[in-house]
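In this note's numbering, the protein residues as written are 46 to 473.
Please read the structure below before turning to the comments.
Written out as structure tokens, the structure reads:
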């Protein structure tokens, strides 16, 4: 059964649809323009010779074929070199940019239109027929292709800049933060899962190609639980990798058909930024720890990633997190989900470990933790305090230039942004 979520995931990764629209429009548009030329042929006879029209249309069509290949070879090289700076998983994000797809659609539409118009020159047994409007439209499409090329270079160049990449990932993570909370109509489990007396617990295992869980149809699972008056305990969540035989659910009591449970999971080869609440946050962390590797040694990029991670944590903090229970009539559905501690560890533990020897990073994490501790309620403090102690323990004692407290001074800029009062205390 195809759901709206299936369509959304398919559309987010469908690179070929918009370029195909360009091909169809170019093909159909030439028919319309040819009919217009037929109607107005007598008024513009002799304006352009057949040989000149053939030469011009062949030049436009053939030149655009070469130009398209060159442009997208350059774009793919730019994406490849740019992704090496961030994470290999950002390649698919670059290629999903709609601007790239629309520009390719214009290029392909120009090629198809020009070659079809070329065929129509002298067609229909009328050697003097010249599609004047076809030539004009081909020239207009050529101009549109050149403008599209300039826009493409501008968009790709801007999207490959580190600040732009991190800002986009942070925006995606904040926008999808609500997916990390408990689904509507759910609550924290109030009781343990207990099968009915003498009922056997059935384990549902995955059957199919290995991949990543990109979507779970919670509504369908809840309806299955209610219809069969049973408890369904889901064992995987969005973002998990699964393979043949992986346990995906436990059925407590006389449960539904296992195939019905499997169909509620959408599995693809890679995680989805649109449906996975933690995928964009994972990419931000990947960019930061890659920047902190000895081969790159770019702590400023890590600080910039922490700026975005700060915003993501603030977006997630007010949500109801953790394991969820949905009451479905006489049945129940139990869903695993990330806790606040899980999200904080994902956001900070690897960066803190990789950057404990970089003062920019330790100072920026100290500012992040201090700000969150001041702004968030007490129930969110424990993981933050644990990371604060971890940072203090990992930063080595320094002598000569400053001391350990200098490395732990809260500073949103990493270095250069902390302001101190007359007593030497940092003012943020």
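The beta carbon of each residue, even a glycine, is placed where N, CA and C say it ideally should be.
Between which two residues does the alpha helix (DSSP H) containing residue 386 stretch?
-> Counting along the chain, the alpha helix (DSSP H) containing residue 386 begins and ends at 385 to 399.
Option in 215, 263, 406 with minimal Cα separation from residue 329 = Each of 215, 263, 406 was checked against the Cα of residue 329, and the nearest Cα belongs to 215.
Residue 97 to residue 197, Cα distance in whole Å?
-> Rounded to the nearest angstrom, the two C-alpha atoms are 31 Å apart.
Thinking just about the alpha-carbon of each residue, which of 334, 413, 439, 440 is nearest to the one in residue 429?
-> When only C-alpha atoms are compared, the closest one is 413.
With residue 174 and residue 74 assumed to form a contact (beta carbons below 8 Å), what rounded beta-carbon distance in angstroms separates them?
-> The Cβ separation is near 18 Å, so there is no contact.
Buried or exposed for residue 204, please, with buried defined as at least 16 other CB atoms from any protein chain shown within 10 angstroms of its CB.
-> Burial call: buried.
For residue 268, which of 305, 249, 312 has the nearest alpha-carbon?
-> The option with the nearest alpha carbon to residue 268 is 305.
Note down, one range per segment and in chain order, each beta strand (DSSP E) of at least 3 residues found wholly within the segment 233 to 313.
-> The segment 233 to 313 is shown to contain whole beta strand (DSSP E) runs of 3 or more residues at 246 to 250, 256 to 261, 276 to 279, 292 to 297, 310 to 313, in chain order.
Throw me the rounded Cβ distance for the residue 227 and residue 365 pair, which I believe falls under 8 Å.
-> With a Cβ gap of about 5 Å, residue 227 and residue 365 count as contacting.
Pull up the DSSP beta-bridge partners for residue 372, would you.
-> Residue 372 pairs with 377.
When burial is assigned at 16 or more other CB atoms within 10 Å of the CB, is residue 385 buried or exposed?
-> Label assigned to residue 385: buried.
Are the segment 307 to 316 and the segment 375 to 392 touching, with three or more C-beta to C-beta distances below 8 Å?
-> Under the Cβ criterion (8 Å, minimum of three pairs), the segment 307 to 316 does not count as touching the segment 375 to 392.
Would you mind stating whether residue 325 and residue 336 have Cβ atoms separated by less than 8 Å?
-> The Cβ-Cβ distance between residue 325 and residue 336 does not fall below 8 Å.
Kindly indicate the opening and closing residues of the alpha helix (DSSP H) around residue 347.
-> Where residue 347 is concerned, the enclosing alpha helix (DSSP H) starts and stops at 344 to 361.
Given 8 Å as the limit, is there contact between the segment 262 to 277 and the segment 291 to 299, that is, 3 or more CB pairs closer than that?
-> With the cut-off at 8 Å, the segment 262 to 277 and the segment 291 to 299 touch.
Kindly list the residues whose CB is nearer than 8 Å to the CB of residue 120, restricted to its own chain and excluding five residues on each side of it in sequence; keep chain order.
-> These residues qualify, in order along the chain: 145, 197, 201.
Cβ pair count under 8 Å reaching 3, the segment 347 to 360 against the segment 255 to 262 = Output reads no: the segment 255 to 262 does not touch the segment 347 to 360.
Below 8 Å on the Cβ atoms is my guess for residue 224 versus residue 322; work out the distance and round it to an integer in Å.
-> Right, their Cβ atoms sit about 4 Å apart.
Using DSSP with H/G/I as helix, E/B as strand and the rest coil, what is residue 67?
-> Three-state result, residue 67: helix.
Would you identify the three-state DSSP class for residue 420, choosing helix, strand or coil?
-> Residue 420 sits in a helix when the DSSP states are folded into three classes.
Assuming residue 166 contacts residue 95 under a Cβ cut-off of 8 Å, what Cβ separation, rounded to an integer in Å, is found between them?
-> Yes, they are in contact, since the Cβ atoms of residue 166 and residue 95 sit about 5 Å apart, within 8 Å.
Report the residue from 403, 69, 436 whose alpha carbon sits nearest the alpha carbon of residue 460.
-> From the listed residues 403, 69, 436, the smallest Cα separation to residue 460 is found for 403.
Flag this pair as yes or no: are the beta carbons of residue 183 and residue 105 separated by less than 8 Å?
-> Yes, these two residues count as a Cβ contact at 8 Å.
Nearest-angstrom Cβ-Cβ length linking residue 310 and residue 388, presumed shorter than 8 Å = Wrong, their Cβ atoms sit about 22 Å apart, outside the cutoff.
Starting from residue 193, trace the alpha helix (DSSP H) both ways and give me its first and last residue.
-> First-last of the alpha helix (DSSP H) with residue 193: 177 to 204.
Other residues of its chain near residue 207: CB distance less than 6 Å, five sequence neighbours each side excluded | Contacts found: 346.
If you draw a straight line from the alpha carbon of residue 101 to that of residue 177, how long is it in whole angstroms?
-> If I take the Cα positions, the gap works out to 11 Å.
Leaving out five residues before and five after residue 375 in sequence, what residues of the same chain have Cβ atoms less than 8 Å from its Cβ?
-> Its chain contains 271, 274 as the residues whose beta carbon lies nearer than 8 Å to that of residue 375, once the 5 sequence neighbours on both sides are disregarded; these appear in chain order.
Looking only at its own chain, which residues have a Cβ that is under 7 Å from the Cβ of residue 248, when we skip the five neighbours before and after it?
-> Closer than 7 Å at Cβ, skipping near neighbours: 292, 295.
Return the chain-ordered list of same chain residues with a C-beta closer than 7 Å to the C-beta of residue 252, the five sequence neighbours on each side being excluded.
-> Around residue 252, the same chain offers 289, 307 as residues with beta carbons nearer than 7 Å, after the five sequence neighbours per side are excluded.
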